[in-house]
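The structure appears right after this line, and notes come after that.
There are 2 protein chains.
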Amino acid sequence: MEIPTDHPRKESLEARQKLVKAYKKGIVAEEGLIAHGRGEAFDYLLGEKTVSQAAEAMRVACKEISKSQTPVLSVNGNTAALVPREIAMLSQLTSIQVEVNLFHHSQKRVRLIINHLENFGAEGVLGMGRDSRIEGLSHDRGMVCREGIYSADTVIVPLEDGDRTEKLKEIGKKVISIDLNPLSRTSRMADISIVDNIMRCLPIIVEILEKENRERCCKIKNHDLPESFDNKENLKVIEEKMRSGIFEDK
Amino acid sequence: MEIPTDHPRKESLEARQKLVKAYKKGIVAEEGLIAHGRGEAFDYLLGEKTVSQAAEAMRVACKEISKSQTPVLSVNGNTAALVPREIAMLSQLTSIQVEVNLFHHSQKRVRLIINHLENFGAEGVLGMGRDSRIEGLSHDRGMVCREGIYSADTVIVPLEDGDRTEKLKEIGKKVISIDLNPLSRTSRMADISIVDNIMRCLPIIVEILEKENRERCCKIKNHDLPESFDNKENLKVIEEKMRSGIFEDK
Chain A
1 MEIPTDHPRK ESLEARQKLV KAYKKGIVAE EGLIAHGRGE AFDYLLGEKT VSQAAEAMRV
61 ACKEISKSQT PVLSVNGNTA ALVPREIAML SQLTSIQVEV NLFHHSQKRV RLIINHLENF
121 GAEGVLGMGR DSRIEGLSHD RGMVCREGIY SADTVIVPLE DGDRTEKLKE IGKKVISIDL
181 NPLSRTSRMA DISIVDNIMR CLPIIVEILE KENRERCCKI KNHDLPESFD NKENLKVIEE
241 KMRSGIFEDK
Chain B
251 MEIPTDHPRK ESLEARQKLV KAYKKGIVAE EGLIAHGRGE AFDYLLGEKT VSQAAEAMRV
311 ACKEISKSQT PVLSVNGNTA ALVPREIAML SQLTSIQVEV NLFHHSQKRV RLIINHLENF
371 GAEGVLGMGR DSRIEGLSHD RGMVCREGIY SADTVIVPLE DGDRTEKLKE IGKKVISIDL
431 NPLSRTSRMA DISIVDNIMR CLPIIVEILE KENRERCCKI KNHDLPESFD NKENLKVIEE
491 KMRSGIFEDK
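First to last, the sequence lines map onto chains A and B.
Position 245 (the first sequence) corresponds to 245 in my numbering; numbering is contiguous.
Position 17 (the second sequence) corresponds to 267 in my numbering; numbering is contiguous.
Now the structure itself:
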């Protein structure tokens, strides 16, 4: 189906279409479709835009990533379906290691997702040889790659399960979340919580990191960084934004 | 996949799994998966619990059902997937007539849903022979069963489309809605709007009605009924609860 170019919610409808397409290819799980519906509702409450608090969290997150020795981006089906190009760029232009790691795991789906990302130019994507276990997570859900999440100092988790975020924190990882639900356990437990739509925020993160990479030989520009960053306070402000917006006409 | 018994959001994940299973059987539509995600977001804002205003609306609804001559429960794919046992109990223990009536209609899906409900013990489920039309609803969406919704004095609509609720009101039905979104057109147009998760509230409704049935020969106990019930006011309070509840710890 062609989405009319002047439809006021074109991006949102296109995102659905991307997901459904990826679902039919086996990249996205059925549960991923449901999860996306939940994200859409929270995005509505956010006014479907990147609020300033999210932009601030992004800048702080990028600084954290730049300081990290072994940053890893954990990618699931929905993330791969929605922002494959940006994931590929991160793998090419930054020190971020990409690992496909699924809550609803199957080797076949991991393979499909890696192929999908490689088609967009992603390099060195991990996920097939899961050889290490995160303690406290039962079954499949605890398995990760030694060279990836297991050894990471910082893990970026877009659209992640709360239980897994909790365990990553417990084993001492610095966690950066991307999640539209400010009430989720993931948002509440992450060190830096970016409450934004992955399709809006990942291109911005790519741009910031890429710019920092270019400027590294000179000196990292800190001028647009907040003096201090209080993640809990930042989350609270976003929640209040949602709260006051709930009943407004949009 | 086995959902770990100690996962703090086990019920929510199990509901997703139920829906996905039903989707694979052809009972739930793709649109139903996304709609469920939206419901999840509103349930988050509600604190994922039955608020007292919802409990009150349920009690008033049960009284209304008891007074009705021809109450009908309209069942769609998501409802059948999530609470088949409770629907079966209502069909056995109360005077409620169950009719499968789908927004995304197909004869095949109606047949599958009726079979699914019958497997759980449901009796006399209507839906196959749609022979009457509700005026103002185009095409398939207006077709209902004469012995069911068409002749009903009270229609219970869980997870219903706003357009259809509006038409049911226009032709003089008493409408009881079950919908997590207090802002939906269905919630706003129903006579009694239960803002709760169908998986939490339908078991309660079964229990109240079953108890009333047992006590009928004596005298209906009214002691836990509110003096008066103002649906608009009740909905407003729930909206405010959602709004102010966002930042409470759960």
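Positions of the beta carbon are idealized from the N, C-alpha and C atoms, including for glycine.
- Assigned with DSSP and collapsed to three states, Ser478 (chain B) falls in coil, not helix or strand.
- Fewer than three Cβ pairs drawn from the segment 281-301 of chain B and the segment 163-174 of chain A lie within less than 8 Å of each other, which leaves the two stretches out of contact.
- Taking Ser478 (chain B) as reference, the option from B:Arg359, B:Arg309, B:Arg414 with the minimal CA-CA separation is B:Arg309.
- Among the CB atoms of chain B, one or more fall inside 8 Å of the CB of Asp163 (chain A).
- The distance from the Cβ of Leu33 (chain A) to that of Tyr23 (chain A) is about 6 Å, consistent with a contact at the 8 Å cut-off.
- Annotation: the continuous beta strand (DSSP E) that includes Pro321 (chain B) extends over 321-325.
- The beta carbon of Pro432 (chain B) sits closer than 6 Å to the beta carbons of Val445, Leu485, Ile488, Glu489 from its chain, once the five residues preceding and following it are set aside; these are given in chain order.
- Assigned with DSSP and collapsed to three states, Glu410 (chain B) falls in coil, not helix or strand.
- Beta-carbon to beta-carbon, Glu462 (chain B) and Ser316 (chain B) are separated by about 6 Å, close enough to satisfy the 8 Å threshold.
- Contacts with chain B at 8 Å (Cβ-Cβ) include Leu33 (chain A).
- When C-alpha distances from Val83 (chain A) are compared across A:Asp191, A:Ala190, A:Leu19, the shortest belongs to A:Leu19.
- Each residue's CA atom was taken as its position, placing Cys312 (chain B) and Ile455 (chain B) some 7 Å apart.
- Within chain B, Ile284, Gly287 have C-beta atoms less than 8 Å from the C-beta of His36 (chain A), given in sequence order.
- In the DSSP assignment, Glu465 (chain B) falls within the unbroken alpha helix (DSSP H) covering 448-465.
- Per DSSP, Glu123 (chain A) lies in no beta strand (DSSP E) segment and is marked neither H nor E.
- Under the DSSP assignment, Ser187 (chain A) falls outside any beta strand (DSSP E), being part of the alpha helix (DSSP H) whose first and last residues are 185-189.
- At a cut-off of 8 Å between beta-carbon atoms, Glu290 (chain B) makes contact with chain A.
- Per DSSP, the beta bridge partners of Ser193 (chain A) are A:Ser177.
- Taking a 10 Å sphere around the C-beta of His36 (chain A), we find 16 or more other C-beta atoms and assign the residue as buried.
- When C-beta atoms of the segment 292-308 of chain B are compared with those of the segment 374-384 of chain B, fewer than three pairs fall below 8 Å, so the two segments do not count as touching.
- For the segment 122-144 of chain A, the beta-carbon criterion of a distance under 7 Å to any beta-carbon of chain B is satisfied by Ser138, His139.
- At a beta-carbon threshold of 7 Å, the residues of chain A lying near Tyr294 (chain B) are Asn181, Leu183, ordered along the chain.
- Annotation note: the segment 36-102 of chain A contains the following uninterrupted beta strand (DSSP E) runs of length 3 or greater, listed N- to C-terminal: 71-75, 97-100.
- Neighbours of Tyr273 (chain B) in chain A, taken as residues whose beta carbon is under 8 Å from its own, are Glu30 in chain order.
- According to DSSP, residue pairing for Met393 (chain B) in a beta bridge involves B:Arg383.
- By the rule that beta-carbons nearer than 8 Å mark a contact, Arg111 (chain A) does not touch chain B.
- Fewer than three pairs of CB atoms, one per stretch, sit closer than 8 Å, so the segment 183-194 of chain A makes no contact with the segment 104-114 of chain A.
- Between Ile96 (chain A) and Pro71 (chain A), the C-beta gap is smaller than 8 Å, which places the two residues in contact.
- Within chain A, no C-beta atom comes less than 9 Å from the C-beta of Pro476 (chain B); the nearest is roughly 25 Å away.
- For Ser12 (chain A), the enclosing alpha helix (DSSP H) covers residues 10-25.
- Sequence-ordered contacts of the segment 234-245 of chain A with chain B read Lys236, Glu239, Glu240, Met242, Arg243, Ser244 [C-beta pairs closer than 9 Å].
- For Leu269 (chain B), at least one C-beta of chain A is nearer than 8 Å to its own C-beta.
- Neighbours of His257 (chain B) in chain A, taken as residues at a C-beta separation under 8 Å, are given in chain order as Asp163.
- The beta carbons of Ser324 (chain B) and Val375 (chain B) sit no closer together than 8 Å.
- Arg266 (chain B) belongs to the set of residues whose beta carbon lies under 8 Å from a beta carbon in chain A.
- By the Cβ-count criterion, Lys21 (chain A) is exposed, with fewer than 16 other Cβ atoms from all chains shown falling within 10 Å of its own Cβ.
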